[in-house]
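Residue 121 in my numbering sits at position 121 of the sequence shown, with consecutive numbering throughout. Please read the structure below before turning to the comments.
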Amino acid sequence: MERHEEPRLVVVAIVKPGSEARIRLDLLDALYPHDRTVRVEAYSGALAVFSKLKPKEVVTLMDKYPIRGLVAVREAVEVACSDDPRAAIEEVLKRAASRGLKFAKVEIRARGSLRGRDAERLAERLARELGLLSKPGARARVEVLGRCAVLCVLSMGKR
1 MERHEEPRLV
11 VVAIVKPGSE
21 ARIRLDLLDA
31 LYPHDRTVRV
41 EAYSGALAVF
51 SKLKPKEVVT
61 LMDKYPIRGL
71 VAVREAVEVA
81 CSDDPRAAIE
91 EVLKRAASRG
101 LKFAKVEIRA
111 RGSLRGRDAE
121 RLAERLAREL
131 GLLSKPGARA
141 RVEVLGRCAV
151 LCVLSMGKR
């Protein structure tokens with residue numbers, strides 16, 4: 001029996017700039033046999049992977065295929081979309097706070113219409129206000145891809 005749920009943004013693939021189109025096709029080739037609804041959207045230096053599969057399943061499948069130019073694969077911890085990227089950033093950080101997540105640092109990478117420095121200031125302010133920062137903890141990054149903000153864990157903290 002097929003599931004009728006919509007594909008959701010599950011993974012952000014960081015790629016070498018200029019190779020987005022080729023890597024997008026490689027990812028579709030790797031994932032399509034496992035999820036016929038898979039969709040990959042290209043941004044400057046990043047690809048958003050939409051799938052019905054779980055993030056860990058997508059990462060495992062991507063690891064099985066050697067894809068040249070693929071720099072990093074990041075699981076989406078939280079995703080929020082809005083016509084205003086600032087609202088999406090705020091929403092994704094609020095969701096993280098409501099789950100009790102703590103990070104040593106929250107970085108932001110804006111790919112699209114939002115200016116990087118404005119996004120950084122907004123994320124820093126919200127992370128402080130929402131109590132997301134803690135000395136020991138993981139490093140997190142909010143990737144702004146078009147109208148969506150995606151919270152990814154970069155590294156687990158050991159301090």
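Where a beta carbon is used, it is the ideal one built from N, C-alpha and C, also for glycine.
From the options, residue whose alpha carbon lies closest to that of residue i
i       : options                              : result
Gly-146 : Leu-101, Ala-46 and Lys-64           : Ala-46
Leu-9   : Pro-85, Val-40 and Asp-35            : Val-40
Leu-93  : Leu-70, Ala-104, Ala-127 and Met-62  : Ala-127
Ser-155 : Glu-90, Pro-33 and Val-73            : Val-73
Leu-130 : Ala-96, Pro-136, Val-142 and Cys-152 : Ala-96
Val-15  : Lys-102, Ala-104, Leu-70 and Ser-134 : Leu-70
Ala-138 : Val-58, Glu-20, Ala-21 and Lys-102   : Lys-102
Ala-104 : Ile-23, Leu-133 and Arg-86           : Leu-133
Residues that DSSP places opposite residue i in a beta bridge
i       : result
Tyr-43  : Ala-46
Ile-164 : Absent from the structure is residue 164, since the part of the chain shown begins at 1 and ends at 159.
Ala-140 : Val-106 and Val-153
Ala-80  : Ala-149
Ser-51  : Arg-8
Arg-111 : Leu-145
Leu-133 : Phe-103
Chain-order list of residues whose beta-carbon lies under 8 Å from that of residue i (same chain, five-residue window excluded)
i      : result
Met-1  : Residue confidence for Met-1 is low, a pLDDT of 38 falling below 50, so the modelled location carries little weight; the figure read from the coordinates is stated next. None.
Ala-30 : Leu-61, Met-62, Lys-64, Tyr-65 and Ile-67
Tyr-43 : Glu-20, Arg-111, Gly-112, Leu-145 and Gly-146
His-34 : Leu-53, Glu-57 and Leu-61
Nonlocal neighbours in the same chain, by C-beta distance under 6 Å from residue i, ignoring five residues either side
i       : result
Leu-27  : Val-40
Thr-160 : Here the chain comprises residues numbered 1 to 159, so residue 160 is not present and cannot be evaluated.
Residues near residue i by beta carbon distance below 7 Å, same chain, minus five either side
i      : result
Glu-90 : Leu-126
Glu-5  : Lys-52
Glu-78 : Val-92, Arg-95, Ala-96 and Leu-151
Ser-19 : Gly-69
Val-59 : Val-11, Val-73 and Glu-75
Arg-24 : Val-40, Ala-42 and Leu-47
Check your understanding: When the Cβ atoms of the segment 48–58 are set against those of the segment 120–134, are three or more pairs found closer than 8 Å?
Key -> no
For this session: Taking 8 Å as the threshold, find out whether the segment 52–68 comes into contact with the segment 82–91 through three or more Cβ pairs.
Result: no
- Are there three or more Cβ pairs, one per stretch, closer than 8 Å when the segment 123–130 is compared with the segment 95–112? yes
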